[in-house]
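Only one structure is covered here, and it is reproduced in the block below.
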Amino acid sequence: MSAVLPVLSARLTAAVETTFGLPGVDPELRPATKPEFGHFQTNLALRLAKIVGLPPREIAVRLAAALEVSDLCAQPEIAGPGFLNLTLLPTTLAAGVNKIGGPLRERGERVVVDYSQPNVAKQMHVGHLRSTVIGDALCNVLRFAGYQVIRQNHVGDWGTQFGMMVEQLLDEGTEVDALDLDGMQLLYQRSRKHFDSDPEFADRSRLRVVLLQSGDSQTVEIWQQLVEYSLTEFDRVYALLGSPLTRADVVGESAYNDALQGIVDELASAGLLTESGGAQCAFLPGFTGRDGSPLPVIVRKSDGGFGYSATDLAAVKHRVDDLHADRIVYVVDHRQSLHFQQIFALARAAGWLPPTIPAEHVAFGTVLGPNGKPFKTRDGGTVYLVTLLDEAVARAAALLADRPGLDQDTVARAVGIGAIKYADLSNDRSNDYVFDLDRMVAMTGNTGPYLQYAHARLTRILDKAGDSPTLVTVLTEPAEQRLALLLGGFTDTVVQVAETLQPHRLCTYLYDVATALSSFYETCPVLSSSGEVRASRLALCAATRKVLHDGLGLLGITAPAAM
RNA sequence: GCGCCCGUAGCUCAGCUGGAUAGAGCGUCGGACUUCUAAUCCGUUGGUCGCAGGUUCGAAUCCUGCCGGGCGCGCCA
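As structure tokens, this is what we get:
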């Protein structure tokens, strides 16, 4: 939890060695489950009982005697069946708070994070919310933890649909320059309908795809224009959402077109491909389909076109060979779990993905509507992301309406967008959740606005104080100690999230900080106290504000100075 | 049929990878504002951790089998 944790752990390990001659035992030091158990607890004695052949409490007594922590802790206590409880000295707690820093030093490792992945010619919808929000948060957390982060936005800008759209455009004689965003959306719908109802048109569309993929100038020109419209729109949505994604991060499916033949050739010469029904397939051990038959990865379709698996394999190769990734992360919904298992397995079999480079599918659940089914509009249509964001901002604006002295637009945006993001991030990402704005913008409970409010209160106190905060020196009240203990654990919490890729743990931590702050706020006057107590509490406030501000920032959430 | 995920308080969810009497929020009920933002805080109520076995000092957590829900399973991405 805190920066002292590794130190205490090492001391415990040493105590085990000197007492029982067992080297390198992990004490599994954890935050105490209850305040009366101090600050940290270890079950060492319980686990050692069988190995050593002594009663747990007897072991605990010996460990406590051998443990040298008097510089950091009060006398260790033995409790229950043999737990060893440690209580930090106020000076240790204060040191932990005063040491809170920013991002860790670079660890010389590069992580490639693939997320957002919207589709050209379609507006971003609720389905893109989670990938974008989770991806942003993970990128921030990974960078904080010392990784060099490379974002990859694998935009859907290639494939059959563009053959349809270009063919439809030429059929109608529509000028591509005359299209706007809605026009493009409508064009997509018309061409889809045409494609489904007219086999002759469908055939021409497929031919048009071949023209596109072989670089026919007229086709490519129209396609580029469609891509351009979409990327402009994505930029607008990212700006509204507060995502740092830019065009520099876009590496669409089309970018791998030239590499696909090479992918198939290499797989073939490695003996990994089998022809099945006219398609080139890789059959991997351990993957079976509906009736127990082997499940293929189709890299080349029977019509000669490349499947998306080929594209994804090329992308993996690109990440390893060109981007020099040490770790590869995909933030994609859980329905593609099997697909990624296959891609990773095949990439490893082909030798493109060395065993030393972990590849992780960060899977997430579905956003549900009020009826508990995947979120759709009343008439079953797609829910656009901008619509949701605008609605959340409007909701926040209504809440803030009677607050004087605020930059209403800016704060409403921070609160509304922050509410949506926090709601998305605060649950374990593998679960589905119901999109419920009322709950998201609520000021109480585990919500974004609650955390922002805590930050705003602290900002007010620090502004009013006048003098700038110094160091935490006095921690006598229980509320002060609880808060200080939590604050000291900030860095470790972020590092843990960088390992597990579970942003909700950071949310839980920040919520704990905010509730501890609220209790402190109620019981410990800051401005009206005096002398060293006042100075110390101001410093505690400053540290808390920093943790909330930076922590929310890692989640991609802005913390306004007032609300 | 096979595979992945899920099942914890009336509702929404945590539970740090096997540890102490399973915790929060919302809701209920009851308190606290001439006092740093009461958009808050404190207290109260509430659970056979889906069911049944197994593993051991100890299981919401691990293993097996059921029940129930979501998703996936060859040329869409």
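In this text, residue positions in the first sequence follow the working numbering: the first is 515, and each later residue adds one.
For glycine and all other residues, C-beta sits at the position ideal for the given N, C-alpha and C.
* Looking at C-alpha atoms only, which residue of Gly800, Gln727, Arg722, Glu874 is the closest neighbour of Thr1014? -> Glu874
* To do: State the Cα-Cα distance for the pair Glu994 and Asp981, rounded to the nearest angstrom.
  => Annotation: Glu994 to Asp981 spans about 21 Å, alpha carbon to alpha carbon.
* Asked: Cβ of Val634 within 7 Å of Cβ of Ser744?
  -> yes
* To do: Mark Glu681 as exposed unless 16 or more other C-beta atoms lie within 10 angstroms of its C-beta, in which case mark it buried.
  => buried
* Identify the residues that DSSP records as bridge partners of Ile812: which are they? -> Cys795
* Asked: Are there 16 or more other CB atoms within 10 angstroms of the CB of Gly919, so buried, or fewer, so exposed?
  -> exposed
* Asked: Taking Asp1006 as the reference, which of Gly615, Asp694, Asp950 has the closest Cα?
  -> Gly615
* Asked: What are the complete alpha helix (DSSP H) segments, minimum 4 residues, inside the stretch 639 to 689?
  -> With a minimum length of 4 residues, the continuous alpha helix (DSSP H) runs that stay inside the stretch 639 to 689 are 641 to 658, 674 to 686.
* To do: Output the distance between the C-alpha atoms of Asp696 and Gly886, rounded to the nearest integer angstrom.
  => 30 Å
* Would you kindly work out how many angstroms separate the C-alpha atoms of Met515 and Thr987, rounded to a whole number? => For Met515, the pLDDT reaches just 42, beneath the cut-off of 50, and the residue's location in the model is therefore unreliable, leaving the point undetermined.
* Have a look at Phe597 and Ala563 and give me their C-alpha separation to the nearest angstrom. => Ala563 has its alpha-carbon roughly 12 Å from the corresponding atom of Phe597.
* Alpha carbon to alpha carbon, how far is Phe676 from His639? -> 19 Å
* To do: Please name the residue, chosen from Thr880, Arg892, Leu759, that lies closest to Asp942 on a Cα-to-Cα basis.
  => Per the Cα distances, Thr880.
* To do: Compute the Euclidean distance between the alpha carbons of Leu809 and Asn945, then round it to the nearest angstrom.
  => 27 Å
* To do: Give every residue of the same chain whose Cβ lies closer than 8 Å to the Cβ of Ala861, excluding the five residues on either side of it in the sequence, and list them in chain order.
  => Taken in chain order, the residues that qualify are Leu827, Val830, Lys831, Leu867, Ala873.
* **For Ser1033, three-class secondary structure by DSSP** => Ser1033 falls in the helix class under three-state DSSP.
* **Ser790 - partner residues in DSSP beta bridges** => Partner(s): Ala793.
* To do: Alpha carbon to alpha carbon, how far is Leu781 from Asp772? Give it in angstroms, no decimals.
  => 16 Å
* Does DSSP classify Met515 as helix, strand or coil? -> Bear in mind that a pLDDT of 42 at Met515, under 50, signals an unreliable position, so the number given afterwards is only what the model happens to contain. If DSSP states are grouped into helix, strand and coil, Met515 belongs with coil.
* Take the Cβ of Thr733 as the centre, count every other Cβ of all protein chains shown within 10 Å, and call the residue buried at 16 or more, exposed below. => The residue is buried, with at least 16 neighbouring Cβ atoms inside 10 Å.
* **Range covered by the alpha helix (DSSP H) that runs through Ile565** => 558 to 566
* Asked: Roughly how far, in whole angstroms, is the beta-carbon of Val1027 from the beta-carbon of Leu1000, given that I think they are within contact range, below 8 Å?
  -> 5 Å
* Among Cys1021, Thr1037, Thr961, nearest to Asp991 - alpha-carbon criterion -> Position check: residue 991 holds Glu in this sequence, whereas Asp was assumed. Ranking the options by Cα distance to Glu991, first place goes to Thr1037.
* Can you give me the Cβ contacts of Arg1059 inside the same chain, cut-off strictly under 8 Å, excluding the 5 residues immediately before and after it? => His969, Leu972, Thr973, Leu976
* Touch check for the stretch 852 to 861 and the stretch 892 to 900: three-plus C-beta pairs under 8 Å? -> Contact fails: fewer than three Cβ-Cβ distances are below 8 Å.
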